[in-house]
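Numbering (UniProt numbering), first residue to last: 1 to 493. Just so it is clear, CB atoms sit at the ideal spot from N, CA and C, and this is done for glycine as well. Since the model is a prediction, treat every value here as computed from it, not as a measurement. What follows is one structure encoded as structure tokens, with my remarks underneath.
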């Protein structure tokens, strides 16, 4: 059998780098909407003052490849020669086993006094990639290296172990509800934003223009909205079973996780994920899951850690009514990293499916918090005897006391049964006097009120999900740009 020839490799490189011949006009991704993170990512990736590779991490299909193709267009328009920019998709079979340095031979007349940009897509498919990349950074000071990877946990671990001082990580979570509306040019049509100055901070007030239409789009977001490609492509929206389950979930469960962690029983892992996805938002325990799934508790615990690392699920721990965590964690909640996964696994939800939408709304709101990794780490849910529960409790980093709480509902029950709807939240606030504010979400009802002498914002869930994603991404972008924060609190503003 013949080995792959250099001529075949050059043909593939030429196909993947059409700007060598045509320039920026050969990049169709440049005409697609940009993620809100494009500007800070481009500033990081093209910063020539530091000798680091920008490593773009995130789940499958959140737009990493599109973003680096848009980065190519940005580089060309800001002075890079098109012939000095190389893109390589590491998972292409033609490149199997290639060391990274071999790709640099594509630059036929490499010159140390010129600027170069090299982008390695899906770099996790190369064994010992972190050692290869670090060596390239040290050996080629006039080349900016960028890499992407979907198996984020393994990539992050390896980058910290072997690339200290040479890699800058950049996380790209799924679309926020804000971005979902923005991609479809619906944001200004459905939401009115008014900016106010509040003691040097920019405070944004949000008003719904059409709650019926906003809720309609919110249900669409729950069904397919976390993935840019699904938002922009009607064919994919009509085939979420193929796009999300086969192209995203199955590849992670059947390929990424088994190869990273040496999992032998793939069907066992698949069965557990389906069980967790179906019961997303409900309180669980290792004992309960073991009883229902037939798996041992150590296996379940290990698999949950793997599913978290692969950005498929979010695990939230519990506190009691005094906001204390149990020494031995018995109960927890599992949410989907992207609520669209449930629709692909089972069936799309409709606005009248109040039970499913209620749980998926919680997943969607927690999903917005993925854009603030520090904030996500401070979120808990509270549950105590006599069935008392609060959906979200934010724990202050310094004194470990709760600062604000959120109750998530897909109904307007609070408008008719105030005391019943708010009883758990009121009890929890009384037990924890450092709580400064609260949010209660509904289906359509909106009002400013007080509860236990604390300000209570009552907002539609769709609006709250929007403002949360909007404010958190504004905070993160401001931090990445080293500017002042733009709102007081992503949770309540």
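### Message
Tell me the rounded alpha-carbon separation between residue 91 and residue 366.
### Response
32 Å
### Task
Compare the C-alpha of residue 26 against each of 15, 34, 185, 410 and name the closest.
15
### Message
In the DSSP assignment, the alpha helix (DSSP H) including residue 421 goes from what residue to what residue?
### Response
418-431
### Task
List in chain order: all unbroken beta strand (DSSP E) runs of 3+ residues lying wholly within the UniProt domain "AAA" (51-181).
53-57, 85-89, 116-121, 143-149, 167-171
### Message
Less than 8 Å between the C-beta atoms of residue 46 and residue 100, yes or no?
### Response
no
#### Entry: Exposure label - residue 398; buried when at least 16 CB within 10 Å
exposed
### Query
Where does residue 459 fall in DSSP's three states?
strand
### Task
Using three-state DSSP, classify residue 283 as helix, strand or coil.
strand
### Query
Within this structure, are the beta carbons of residue 473 and residue 371 separated by less than 8 Å?
yes
### Cβ distance (whole Å) where residue 30 is taken to contact residue 81 below 8 Å
Not quite, the Cβ-Cβ distance comes to about 17 Å (not below 8 Å), so this is no contact.
### Query
Which class does residue 454 belong to by DSSP, given the choice of helix, strand or coil?
strand
### Query
Assuming residue 436 and residue 403 make a contact with CB atoms under 8 Å, what is their CB distance in whole Å?
6 Å
### Query
In three-state terms, what does DSSP make of residue 19?
helix
### Query
Around the Cβ of residue 94, are there at least 16 other Cβ atoms within 10 angstroms (buried) or fewer (exposed)?
exposed
### Query
What's the C-alpha gap between residue 375 and residue 129?
31 Å
### Query
With 16 as the cutoff for other CB atoms within 10 Å, does residue 333 come out buried or exposed?
buried
### Message
Given a cut-off of 8 Å on the beta-carbon distance, is the pair residue 407 and residue 396 in contact?
### Response
no
### Query
Taking DSSP as the reference, what is the three-state secondary structure of residue 342?
helix
### Query
Can at least three beta-carbon pairs, one atom from the region 170-188 and one from the region 424-436, be found at a separation below 8 Å?
no
### Task
Can you say whether residue 325 is buried or exposed, counting buried as having 16 or more other CB atoms within 10 angstroms of its CB?
exposed
### Query
To the nearest whole angstrom, what separates the beta carbons of residue 215 and residue 415, a pair I think is in contact under 8 Å?
Residue 215 to residue 415, Cβ: 16 Å. No contact.
### Task
Please go through the same chain and pick out, in chain order, the residues whose beta-carbon is closer than 7 Å to the beta-carbon of residue 258, but skip the five residues on each side of it.
266
### Query
Which runs of the alpha helix (DSSP H) spanning at least 4 residues fall entirely within the region 218-306, listed in chain order?
228-232, 234-237, 257-261, 266-278, 286-293
### Query
So what does residue 202 bridge to, in DSSP terms?
197
### Cβ-Cβ separation, residue 122 to residue 150 (assumed contact under 8 Å), whole Å
7 Å
### Task
Consult DSSP for residue 38 and reduce its assignment to one of helix, strand or coil.
helix
### Query
What three-state label does DSSP hand residue 186 in the structure shown?
coil
### Message
Could you check whether residue 357 and residue 36 sit closer than 8 Å to each other, using their CB atoms as the reference points?
### Response
no
### Query
How many Å lie between residue 53 and residue 145 at the Cα?
5 Å
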